[in-house]
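Each remark here refers to the structure printed beneath this line.
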Amino acid sequence: MITIIVAILVIGILIFVHELGHFLSAKLLGVRVEIFSLGFGPRLIGFTAGETEYRLSLIPLGGYVKLYGEHPETVPLVEDPERAFAFKKPWHKAIIVISGPLANFLLAVLIFWFLFASVGTYIVPAKIGEIIPNSPAEKVGLKPGDEILEVNGKRVKSFQELVFFLRSKKIPESVTLKIKREDQIFEVNLMPEIKEDYNIFGKKTKIPVIGIK
Numbered sequence: 001m002i003t004i005i006v007a008i009l010v011i012g013i014l015i016f017v018h019e020l021g022h023f024l025s026a027k028l029l030g031v032r033v034e035i036f037s038l039g040f041g042p043r044l045i046g047f048t049a050g051e052t053e054y055r056l057s058l059i060p061l062g063g064y065v066k067l068y069g070e071h072p073e074t075v076p077l078v079e080d081p082e083r084a085f086a087f088k089k090p091w092h093k094a095i096i097v098i099s100g101p102l103a104n105f106l107l108a109v110l111i112f113w114f115l116f117a118s119v120g121t122y123i124v125p126a127k128i129g130e131i132i133p134n135s136p137a138e139k140v141g142l143k144p145g146d147e148i149l150e151v152n153g154k155r156v157k158s159f160q161e162l163v164f165f166l167r168s169k170k171i172p173e174s175v176t177l178k179i180k181r182e183d184q185i186f187e188v189n190l191m192p193e194i195k196e197d198y199n200i201f202g203k204k205t206k207i208p209v210i211g212i213k
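The UniProt record's numbering puts the sequence shown at residues 1 to 213.
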């Protein structure tokens, strides 16, 4: 039940923002807005403010903004051409039409920005969780719990940075790792193994690995 309510609220917000985009751009360009409706079909409740009727309609599967002089059959009846959609310049009409989807896009950007700003990015420390048997890491004595501080003298702040640094190598070459194990700090030299894997495009590629997770 809660899921249904949340879904209805989310859909309602998306519809409202979409129609609000049409509404605001029409107002800005001087087009009279006759009806602003959330939902289709018969009107349930509503009120009129200024020249616009705001209503909540029976079928909650969308919404619409009715513009003065919007439909061809009403053009002969238009008494105020300056406020009619049909008599606006083509680029004015285009702005009004695309402003609904644009409003939804801007809402999505705003939501993602808010989530990123409030939650932030989770950084996985460059700490070894598992050693692959017979791997270069095992051969030089690395253990789960070891933290990798540097690669070839370059500070490593996260596991993602470590992976990026290793995979940026075009040819096999030895790497020097500075390791922190409890109160000890020491260095090891190892030669990554080259494994075949698939990239995000599904293309087979060769990547250097040292055998840690």
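Glycine residues also receive a C-beta, built at the ideal position from the N, C-alpha and C atoms. Since we're looking at a predicted model, the values are computed, not measured.
In DSSP terms, what ILE45 is bridged to: LEU56.
Neighbour-count burial assignment, ILE11, 16 or more Cβ in a 10 Å radius: The Cβ neighbour count for ILE11, taken over all protein chains shown within 10 Å, is under 16; the residue is labelled exposed.
Identity of the residues DSSP links to ASP197 by a beta bridge: As a beta-bridge residue in DSSP terms, ASP197 pairs with THR205.
Within 8 Å, strictly: CB atoms of ILE128 and ASP146: Contact flag set, yes.
Length of the line joining the Cα atoms of LEU14 and LEU102: Straight-line Cα distance between these residues: approximately 12 Å.
Bridge partners - THR176, DSSP secondary structure assignment: DSSP output for THR176 lists ASN189 as bridge partner(s).
Proximity of GLU19 and GLY100 at Cβ, strictly below 8 Å: Pairing GLU19 with GLY100 gives a Cβ-Cβ distance under 8 Å.
Where the alpha helix (DSSP H) containing VAL151 begins and where it ends: Run containing VAL151: none in the alpha helix (DSSP H); it sits in the beta strand (DSSP E), 147-151.
Opposing strand residues paired with TYR64 [DSSP bridges]: Residue pairing by DSSP places TYR64 opposite SER37 in a beta bridge.
Whole-angstrom distance between ILE5 and LYS180, CA atom to CA atom: Answer to the nearest angstrom: the Cα atoms are 51 Å apart.
Secondary structure of ARG181, DSSP reduced to three states: Note: ARG181 maps to strand in three-state DSSP.
Candidates ARG32, GLY39 and GLU34: closest to ILE8 by CA position: Among ARG32, GLY39 and GLU34, the Cα nearest to that of ILE8 belongs to GLY39.
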